[in-house]
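Asker: Dropping the structure in here first, questions after.
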Amino acid sequence: MRPAACSPRVPSGQTWRGRCGSTPPCSPTRSGTRRPPRASAGMRRPRSGPPSDNSPPGRATRRRPRFARSPTCSRCSPASPSRASPRVAWHYFGRGSGRKSRRSGPHDRGAGSPHQPMNDAPLLPLRPPAARRRRAIVFAHFDPDGGFDPHVVHAVTAYRPFADRLVVVSNGSHRLPAELTGIVDDFVPRSNEGYDFCAWKDGLAKLDRTSFDEIICVNDSVYGPLFDLAPAFTTPRTAAADLWGMVVSDQPTSRAMPRQRHLQSWFFGMRRRLLESSWYDRFWSGVRPLATKRDVIERFEIGLSASAIEAGFTVAGLYDASRASQVSLREVLPQVSLLAPRRSWRLVRKSRRTPHNPSELVWWRLLEAGVPYVKIGLFRVNHYGIDLGRVVAALGRTTPYDLGLIHRHLARCG
Numbered sequence: 014m015r016p017a018a019c020s021p022r023v024p025s026g027q028t029w030r031g032r033c034g035s036t037p038p039c040s041p042t043r044s045g046t047r048r049p050p051r052a053s054a055g056m057r058r059p060r061s062g063p064p065s066d067n068s069p070p071g072r073a074t075r076r077r078p079r080f081a082r083s084p085t086c087s088r089c090s091p092a093s094p095s096r097a098s099p100r101v102a103w104h105y106f107g108r109g110s111g112r113k114s115r116r117s118g119p120h121d122r123g124a125g126s127p128h129q130p131m132n133d134a135p136l137l138p139l140r141p142p143a144a145r146r147r148r149a150i151v152f153a154h155f156d157p158d159g160g161f162d163p164h165v166v167h168a169v170t171a172y173r174p175f176a177d178r179l180v181v182v183s184n185g186s187h188r189l190p191a192e193l194t195g196i197v198d199d200f201v202p203r204s205n206e207g208y209d210f211c212a213w214k215d216g217l218a219k220l221d222r223t224s225f226d227e228i229i230c231v232n233d234s235v236y237g238p239l240f241d242l243a244p245a246f247t248t249p250r251t252a253a254a255d256l257w258g259m260v261v262s263d264q265p266t267s268r269a270m271p272r273q274r275h276l277q278s279w280f281f282g283m284r285r286r287l288l289e290s291s292w293y294d295r296f297w298s299g300v301r302p303l304a305t306k307r308d309v310i311e312r313f314e315i316g317l318s319a320s321a322i323e324a325g326f327t328v329a330g331l332y333d334a335s336r337a338s339q340v341s342l343r344e345v346l347p348q349v350s351l352l353a354p355r356r357s358w359r360l361v362r363k364s365r366r367t368p369h370n371p372s373e374l375v376w377w378r379l380l381e382a383g384v385p386y387v388k389i390g391l392f393r394v395n396h397y398g399i400d401l402g403r404v405v406a407a408l409g410r411t412t413p414y415d416l417g418l419i420h421r422h423l424a425r426c427g
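Shown next as structure tokens:
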């Protein structure tokens with residue numbers, strides 16, 4: 014007698030099997046028989062058919078259902094990305110953008126999944142968007158030894174397809190490396206004073222801003238782009254903004270200072286409405302060397318967004334920490350280890366505080382939001398006690414970035 018819990022009815026002598034011939038992962042009933050899975054959106058309901066020779070008289074048989082390919086069965090899942098369903102194909106081709114993952118983040122990917130990590134898939138080339146704005150990029154570089162590390166050469170090369178004019182300003186280096194001589198349009202060597210904002214000011218002076226739809230200012234304080242940069246330029250989250258960037262933060266320079274929503278200055282873009290305004294001349298004419306880095310952050314980094322908002326311009330970022338939920342213990346617990354109690358306690362304690370530096374604390378959220386960068390300070394300073402081994406492993410699984418660029422730079426600079 015068929016158990017009441019089994020549905021649909023399985024004729025006598027027949028077995029439920031998937032396309033690969035394996036019995037699907039069914040849960041046993043109390044009588045010990047196997048229960049077929051419920052019909053999902055990808056399954057077809059079995060239809061009634063003519064009676065079979067071995068079926069009881071008067072009872073119609075049902076055709077064997079056609080099981081949809083499902084990630085729950087590693088043998089029924091597609092053997093190649095080209096045959097994968099849209100939900101599964103994201104794990105091969107998503108690269109941090111597009112359809113959202115089934116998992117909570119790249120740090121939760123691990124062995125045991127029926128699908129292999131993304132580093133087994135073919136790497137996607139960096140490509141410019143089909144229809145893009147006329148764009149200039151000003152890259153600020155600093156090295157105390159006057160050199161260009163391989164990760165800097167990689168970054169400048171990756172920006173070339175997206176820039177109609179590419180300017181490199183170097184604080185400390187007086188010669189452009191041979192790898193970049195045919196890539197860079199303008200090279201501006203200068204003495205190391207005024208930090209990045211004074212370097213950007215000198216680079217912007219090389220441009221006719223009215224001939225561009227947007228100008229991007231970026232520096233070398235990050236590793237990346239880790240994956241395709243094109244979606245960052247076309248995402249709807251920043252499409253209507255006059256001033257946009259990768260990360261919006263509300264962290265002040267000290268606890269005594271008020272919280273102000275601002276773009277982190279390691280990547281920001283100014284669009285035409287802002288470029289043609291009097292605000293542009295007023296702000297950049299006031300940029301000058303200041304005594305400390307904290308003064309530069311308060312006056313120019315935070316002041317950039319604050320003055321733009323006050324002038325009536327819109328500001329947006331791919332990841333907005335001022336509007337994101339608080340970091341939960343569930344997010345940081347995978348990085349806690351009994352083998353590193355001091356680091357783990359620092360991570361738990363500092364992750365409870367708000368505001369924080371999102372580029373260094375919630376690195377996994379930035380990748381999920383499509384930010385193709387990770388801060389160098391996360392590896393060199395590690396203020397929050399992040400498990401750096403987990404960061405490197407996640408980058409290796411989820412991005413095509415050459416991790417040797419990170420290792421060689423850290424080996425030289427520490």
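Each residue of the sequence shown is one higher than the one before, starting from 14 at the first, in the numbering used here. Think of the CB as a built atom: it goes at the ideal place given N, C-alpha and C, for glycine as much as any other residue.
(1) For P157 and G185, I'd like the C-alpha separation in whole angstroms.
(2) Do you know how far the Cα of G383 is from the Cα of V340?
(3) Let me know the secondary structure DSSP gives S204 once reduced to three states.
(4) Just list the alpha helix (DSSP H) runs in the segment 299-361, keeping only unbroken ones of 4 residues or longer that don't cross its boundaries, in chain order.
(5) What are the start and end residues of the beta strand (DSSP E) that includes W257?
(6) If you follow the alpha helix (DSSP H) that F392 is in, where does it begin and where does it stop?
(7) Checking 8 Å against the spacing of the C-beta atoms, do C230 and V300 come in under that value?
(8) Mark V394 as exposed unless 16 or more other C-beta atoms lie within 10 angstroms of its C-beta, in which case mark it buried.
(9) Compare the beta carbon distance of V182 and V197 with 8 Å and say whether it is the shorter of the two.
(10) Between the C-alpha atoms of N132 and P271, what's the straight-line distance to the nearest angstrom?
(11) Kindly indicate the opening and closing residues of the beta strand (DSSP E) around L153.
(12) For E323, count neighbouring Cβ atoms within 10 angstroms of its own Cβ and tell me buried if that reaches 16, exposed if not.
(13) Which two residues bound the contiguous alpha helix (DSSP H) that contains E373?
(14) Kindly list the residues whose CB is nearer than 7 Å to the CB of V165, restricted to its own chain and excluding five residues on each side of it in sequence; keep chain order.
(15) Report the residue from S278, P368, D221, P249 whose alpha carbon sits nearest the alpha carbon of D294.
(16) Mind the definition here: the segment 253-266 touches the segment 397-416 only if three or more C-beta pairs lie below 8 Å; say whether that holds.
(17) For W257, I'd like the list of residues in its chain whose CB is within less than 6 Å of its CB, leaving aside the five on either flank, ordered along the chain.
(18) Can you name the start and end residues of the alpha helix (DSSP H) that F246 belongs to?
(19) Quick check: the Cα distance between T194 and F392, rounded to an integer number of angstroms?
(20) Is the beta carbon of R147 closer than 8 Å to that of F175?
(21) By Cβ distance below 8 Å, which residues in the same chain neighbour D177 in space, the five residues on each side in sequence not counted?
(22) Quick check on the DSSP output: the alpha helix (DSSP H) that includes V166 runs from which residue to which?
(23) Any heavy atom of the ligand HEM within a distance shorter than 7 Å of the CB on G330?
(24) Considering only the alpha carbon of each residue, which of T412, A424, C426 lies closest to D241?
(25) Have a look at T367 and R336 and give me their C-alpha separation to the nearest angstrom.
(26) Take V387 as the anchor and find which of P238, Y397, D199 has the nearest alpha-carbon.
(27) My assumption, with CB atoms under 8 Å, is that F161 sits in contact with P190. Please give the rounded CB distance.
Answerer: Here's the rundown:
(1) 6 Å
(2) In a straight line, the C-alpha of V340 is about 18 Å away from that of G383.
(3) coil
(4) Qualifying alpha helix (DSSP H) stretches, in chain order: 306-309, 315-323, 342-345.
(5) Segment 256-262, the beta strand (DSSP E) holding W257.
(6) Bounds of the alpha helix (DSSP H) holding F392 are 389-393.
(7) no
(8) exposed
(9) no
(10) Model confidence at N132 stands at a pLDDT of 41, short of 50, so the residue's coordinates are unreliable; what they give is reported in the following sentence. Going from the Cα of N132 to the Cα of P271 covers about 43 Å.
(11) Just to set this straight, residue 153 is Ala in the shown sequence, not Leu. First-last of the beta strand (DSSP E) with A153: 148-155.
(12) exposed
(13) For E373, the enclosing alpha helix (DSSP H) begins and ends at 371-374.
(14) Around V165, the same chain offers H154, D233 as residues with beta carbons nearer than 7 Å, after the five sequence neighbours per side are excluded.
(15) Checked all of S278, P368, D221, P249; the closest Cα to D294 is D221.
(16) Taking one beta carbon from each stretch, the segment 253-266 and the segment 397-416 have fewer than 3 pairs nearer than 8 Å; the two do not touch.
(17) T251, G282, A329
(18) 243-247
(19) Distance between the alpha carbons of T194 and F392: 30 Å.
(20) no
(21) Contacts found: R147, R148, A149, F225.
(22) Per DSSP, V166 is one residue of the alpha helix (DSSP H) stretching across 163-172.
(23) Absence of the ligand HEM from the depicted structure is noted, as is the absence of any ligand whatsoever, leaving it without description.
(24) T412
(25) One C-alpha to the other measures close to 12 Å.
(26) In this structure, P238 is the residue among P238, Y397, D199 with its C-alpha nearest to the C-alpha of V387.
(27) 5 Å
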